[in-house]
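Residue numbers (the working numbering), protein chains in the order written: chain A, 1 to 230; chain B, 1 to 60.
Where a beta carbon is used, it is the ideal one built from N, C-alpha and C, also for glycine.
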Amino acid sequence: LSTSLRNNGSILAAASALALLGIGTALALLWLPEVEGDPAFPIFYLHVPVALTAYACFGWAAWKALRLLWKGDEGYDLESYTAVHMGVIFGLLTLVTGSIWAKYTWGQWWVWSSRQLTLFLVLFLFYSAYFMLRYSTDPGPRRARMSAVYALFGVVLVPVSFLAIRLAEDVIHPSPVVLTREGPQMTWDLFVVFCVCMAGMLALVTALYQLELRGKRLDAALRELREVLP
Amino acid sequence: VTSADQYVFAAYVVVLVTLLAYLLIMTLKLSRLERETRELNENAVGKGDESETREQVPVG
């Protein structure tokens, strides 16, 4: 029953992702009027949901890492690892889509003086190094604990990176328009399309996470079997 | 097609291509796991047959 629920959940998440992202993209590109001063604004509906999804993945990885350290159940290790894996993929997409938008708007692919860009890069590189740590250690409880501690340390960078956009003194990166104390700083139609894209991106990462996790679990089970059956 | 449209198109294509590449990698990985499972299964069945054959030989 559990496997059946998981399979159905993955299929539902994949179908939702396809539908929501399809609708969101169509609305963003075909329905919404052009935002004054930035004809490349449709990248916003991709770049921001991808970035927030990367943060969510790193947060999820830290939660699973905490559970591992707390409960001592090594099953959480693969879940935390998979979440970091997803976070790094979405982090890379954030950097690439952001650079494409920056090239059009600022005329440069990257601006080193911008703290929020650099902080996101640091966050991305920190979690990329997670794989080096993981594969430089033999599999077992020690590796699981070390990876969990690393994932927990990394999550500290998430609020720093997130808040940098609000606290930064330089103004080259746009100010937040979605999550502000006064509510969304955009018209309702833009906000609705953003929410559709955000929901689609979360559904997509859920489907990919389940797929990746099942692959990793199967791989681990096969390794164990190979040891028993020479 | 304006210059902005080209950048928007590029951003969406990059994400799509990355996702397709990821799905391709996952398909290859699952194919490998499927092959390894089949090999392990064949090994296990082969060993089972061998032990059954051995049991059938009269001793003494």
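Along chain B, which residues have their Cβ under 7 angstroms away from the Cβ of residue 39(A)? 2 and 4
Report yes or no: is there a C-beta of chain B within less than 8 angstroms of the C-beta of residue 64(A)? no
Check whether the Cβ atoms of residue 203(A) and residue 61(A) lie closer than 8 angstroms to each other. no
What does residue 141(A) touch in chain B if you count any residue whose Cβ is under 8 angstroms from its own? By Cβ distance, chain B contributes nothing, its closest Cβ being about 24 angstroms from residue 141(A), past 8 angstroms.
Can you tell me where the alpha helix (DSSP H) holding residue 210(A) begins and where it ends? 188 to 228
Between residue 16(B) and residue 143(A), what straight-line distance do the alpha-carbon atoms span, to the nearest angstrom? 34 angstroms
Using C-beta distances below 8 angstroms, list every residue in its chain close to residue 212(A), excluding the 5 sequence neighbours before and after it, in chain order. 82, 85 and 86
Assess, as a yes-or-no matter, whether the region 187 to 194 of chain A is touched by the region 64 to 72 of chain A under the definition of 3 or more beta carbon pairs within less than 8 angstroms. no
C-beta neighbour in chain A for residue 18(B), strict 8 angstroms: yes
Excluding the 5 residues preceding and the 5 following residue 99(A) in the sequence, name in chain order all residues of the same chain whose CB lies nearer than 7 angstroms to its CB. 109 and 110
Looking at the secondary structure, which residues open and close the alpha helix (DSSP H) in which residue 235(A) lies? Residue coverage of chain A in this structure runs from 1 to 230, which leaves residue 235(A) outside it and unanswerable.
Determine the chain A residues that contact residue 37(B) at a beta-carbon separation under 7 angstroms, and present them in chain order. 222
When you compare the CB of residue 46(A) with every CB in chain B, is at least one pair closer than 8 angstroms? yes
Name, going along the chain, the residues of the region 88 to 99 of chain A whose beta-carbon falls closer than 7 angstroms to a beta-carbon of chain B. 89, 93, 96 and 97
Assess, as a yes-or-no matter, whether the region 213 to 225 of chain A is touched by the region 35 to 50 of chain B under the definition of 3 or more beta carbon pairs within less than 8 angstroms. yes
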